[in-house]
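Participant:
In the UniProt record's numbering, the protein residues as written are 1 to 267.
(1) Roughly how many angstroms separate the alpha carbons of residue 197 and residue 145, rounded to a whole number?
(2) Evaluate residue 25 with the Cβ neighbour count: other Cβ atoms within 10 Å of its Cβ, from every protein chain shown; 16 or more gives buried, anything less gives exposed.
(3) Can you tell me the Cβ-Cβ gap for residue 5 and residue 142, rounded? I've got them flagged as a contact below 8 Å.
(4) Based on the DSSP secondary-structure assignment, which residues constitute the bridge partners of residue 4?
(5) How would you call residue 149, buried or exposed, if buried means at least 16 neighbouring beta carbons within 10 angstroms?
(6) Have a look at 117, 116, 124 and 115 and flag the residue whose alpha-carbon is nearest the alpha-carbon of residue 104.
(7) Out of curiosity, what's the CA-to-CA distance linking residue 236 and residue 85?
(8) For residue 138, list the residues DSSP reports as bridge partners.
(9) In the DSSP assignment, what residue or residues form a beta bridge with residue 72?
(10) From residue 228 to residue 169, what does the alpha carbon distance come to, in whole angstroms?
(11) What separation, rounded to the nearest whole angstrom, lies between the Cα atoms of residue 73 and residue 2?
(12) For the 8 Å Cβ check, are there 3 or more pairs between the region 174–192 and the region 216–226?
(13) Which stretch, first to last residue, makes up the alpha helix (DSSP H) that contains residue 216?
(14) Using only the alpha-carbon positions, how far apart do residue 140 and residue 110 sit?
(15) What is the rounded straight-line gap between the Cα of residue 152 and the Cα of residue 117?
(16) Going by the beta-carbon positions, is the gap between residue 190 and residue 205 smaller than 7 Å?
(17) Considering only their Cβ atoms, is the gap separating residue 22 from residue 28 smaller than 7 Å?
(18) What residue does the beta strand (DSSP E) around residue 204 start on, and which one ends it?
(19) In the structure shown, what three-state DSSP assignment does residue 101 receive?
(20) Alpha carbons only, please: which of 46, 122 and 134 is nearest the one belonging to residue 35?
(21) Here's the rule: buried if 16 or more other CB atoms are within 10 angstroms of the residue's CB, otherwise exposed. What is residue 199?
(22) What did DSSP end up calling residue 237 once you bin it into helix, strand or coil?
(23) Thinking residue 64 and residue 32 are a contact (beta carbons under 8 Å), I'd like their distance in whole angstroms, please.
(24) Using the Cβ count rule (16 or more neighbours within 10 Å means buried), how would you classify residue 186?
(25) Taking the straight line between their C-alpha atoms, what separation do you get for residue 230 and residue 203?
(26) By the 10 Å Cβ neighbour count, where 16 or more other Cβ atoms means buried, how is residue 68 classified, buried or exposed?
(27) With 16 as the cutoff for other CB atoms within 10 Å, does residue 100 come out buried or exposed?
(28) Buried or exposed for residue 126, please, with buried defined as at least 16 other CB atoms from any protein chain shown within 10 angstroms of its CB.
Right, dumping it as structure tokens:
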């Protein structure tokens, strides 16, 4: 049976008093909870293997684990959830045999801390913000082989949720090869890149960057803005020396490229 997370919701949300769980009401929160579990699993495996690039795909979309409903008790919403390994993630479970237990424990800890105003996991924060407004009581328990070993309860009016964390883009330089490009009158310019470590991804680009990508297909080095919409900043041959700029040239380049953005931030 292993380690399980049991959740208790009570309140005036349609269906709760009749022992039913509304997918329309709770669906967004459960989706956020799944994203949190997958993000935690990805970071646990990365830490165990010593490879922070274990999966360059956003952690919320990695398929190391699933959350599955094992029991549901009526009278109020009381689902018990199991963290279950996905068939494609066998290698991850060789690295950490107790990964489901670790993920379950971290979910519980993150819910407890985010509920009391302590930043720990942005997807748990999203989960708590996504719960229906008319949920009045929340209780979370850790079960080990069916026995409750930890519990945490809070009234929704006592929640001290921080504002959702902003998902700021990040700049990364990657080496690898160009798998494909899109260009032409009817296509948006894009580059599909395979990094030396991690999974392929697609990024928007300029027509000039697409032409550069074609020239350096098998031996590429590129700077990307990574986020919800990855974007190429530059791409060139891996052995090509990056031209150095003087401090004055750097300032001029930043002002030319990012001046309007900086002005908006200053407002």
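Don't be surprised by glycine CBs; every beta carbon is placed ideally from N, CA and C.
Facilitator: With the given structure in hand:
(1) 38 Å
(2) It counts as buried.
(3) 7 Å
(4) 82 and 143
(5) exposed
(6) That would be 124, whose Cα lies nearest to the Cα of residue 104.
(7) 39 Å
(8) 9 and 154
(9) Looking at the DSSP assignment, residue 72 forms a beta bridge with 79.
(10) 8 Å
(11) 19 Å
(12) yes
(13) Element bounds for residue 216: n/a, residue is neither H nor E.
(14) 11 Å
(15) 15 Å
(16) yes
(17) no
(18) Where residue 204 is concerned, the enclosing beta strand (DSSP E) stretches over 201–204.
(19) helix
(20) Among 46, 122 and 134, the Cα nearest to that of residue 35 belongs to 122.
(21) With fewer than 16 other Cβ atoms within 10 Å, it is exposed.
(22) strand
(23) Cβ-Cβ separation between residue 64 and residue 32: approximately 17 Å, too far for a contact (criterion under 8 Å).
(24) Flag for residue 186 reads exposed.
(25) 5 Å
(26) exposed
(27) buried
(28) buried
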